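In what follows, a single structure is set out as C-alpha cells and then discussed.
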Amino acid sequence: MKVENLKPFDGQHCETTATGTLLRQIGIEVSEPMLFGLGEGLGFIFWNMKSMDFPFIGGRVKPDVLTENIARNLNLELTVKETSSTQKAWNNVKQLLDNGQVVGLKLDCFHLEYFSKPFHFAGHYAAIYGYDNENALLVDTRQQGGQVKTSLKSLALARAEKGA
Numbered sequence: 291m292k293v294e295n296l297k298p299f300d301g302q303h304c305e306t307t308a309t310g311t312l313l314r315q316i317g318i319e320v321s322e323p324m325l326f327g328l329g330e331g332l333g334f335i336f337w338n339m340k341s342m343d344f345p346f347i348g349g350r351v352k353p354d355v356l357t358e359n360i361a362r363n364l365n366l367e368l369t370v371k372e373t374s375s376t377q378k379a380w381n382n383v384k385q386l387l388d389n390g391q392v393v394g395l396k397l398d399c400f401h402l403e404y405f406s407k408p409f410h411f412a413g414h415y416a417a418i419y420g421y422d423n424e425n426a427l428l429v430d431t432r433q434q435g436g437q438v439k440t441s442l443k444s445l446a447l448a449r450a451e452k453g454a
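FYI, in this note's numbering the residues of the sequence shown are 291 to 454.
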C-alpha cells in the first residue's frame, strides 16, 4: 500500500522534512527556511557547566515544538497520538495510510536500517507514506536518502524507544 501522488519534501532537517511532506499533501508549499520561521524554530543557547568538558552550543527549539508552532501559525489542527502498545500504534498508522493520509512519526534513528551511522536519538522525525508485508516506506532528510524504506520490525523498535 502506498499513498498516491506523494509530494516528498526535500529537506536537510528531519522535523521540517517530515512536516513539509505532510503540508504538501494538503497543498501547502513552503521552503525549509520558512518552516523554521513559522515554527519559531531558531534560537541560541550557550550552556557551560563544570561537569562538562566543553560548553554546549545549540540553536533550535525542542523537538515537537517546531511542528506545534507551524500548525498553530498556519491555523491547522495537529493530531498527536501516543500509545504504549506497538500493535495499536501500528494499527493507527496503517488506518491513516489506508485512507490515503501520510503520517509523521517520531523515531529513534538508531533502529532505522538506512542510517549509515546509527546513533541513539529518539527525537528523529520521518513521514511514512506506505508499507507492504515487510517494509515501511518513509520520507527522511536528503542526507539520509530522501525516500527510503526500513523493515516493519525496525520501525516498531524505532517508534517504541523513549527519549527526546
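Idealized CB from N, CA, C, for every residue including glycine. Computed from a predicted structure; not experimentally measured.
Environment of Phe336 [buried if 16+ CB atoms lie within 10 Å]
exposed
Straight-line gap, Thr357 to Met342 (C-alpha atoms, nearest Å): 30 Å
(message) Any contact between the segment 367-376 and the segment 318-338? By contact I mean 3 or more CB pairs, one from each, below 8 Å.
(response) no
* Three or more C-beta pairs closer than 8 Å, one from the segment 322-331 and one from the segment 421-438: is that the case here? -> no
Given a cut-off of 8 Å on the beta-carbon distance, is the pair Tyr415 and Lys396 in contact? yes
Practice item. Could you please give me the residues that DSSP links to Ser321 through a beta bridge? Key: According to DSSP, Ser321 bridges with nothing at all.
Practice problem: Please report how far the alpha carbon of Leu475 lies from the alpha carbon of Phe411, in whole angstroms. | Solution: With the chain running from 291 to 454 in the structure shown, residue 475 is simply not present.
Thinking just about the alpha-carbon of each residue, which of Thr307, Gln315, Gly310, Gly301 is nearest to the one in Asn389?
Gln315
Excluding the 5 residues preceding and the 5 following Cys399 in the sequence, name in chain order all residues of the same chain whose CB lies nearer than 6 Å to its CB.
Phe405, Phe411, His414
- Compare the beta carbon distance of Ala417 and Thr306 with 8 Å and say whether it is the shorter of the two. no
Legend entry - CA-to-CA distance, Ile318 to Ala379, given in whole angstroms: 27 Å
- request: Would you tell me roughly how many angstroms separate the C-alpha atoms of Leu296 and Gln385, rounded to the nearest one?
  value: 17 Å
If you draw a straight line from the alpha carbon of Ile347 to that of Glu330, how long is it in whole angstroms? 18 Å
Point to revise | DSSP three-state assignment for His401, whether helix, strand or coil | key: helix
task = Decide if Gly301 is buried, meaning its Cβ has at least 16 other Cβ atoms within 10 Å, or exposed.
result = buried
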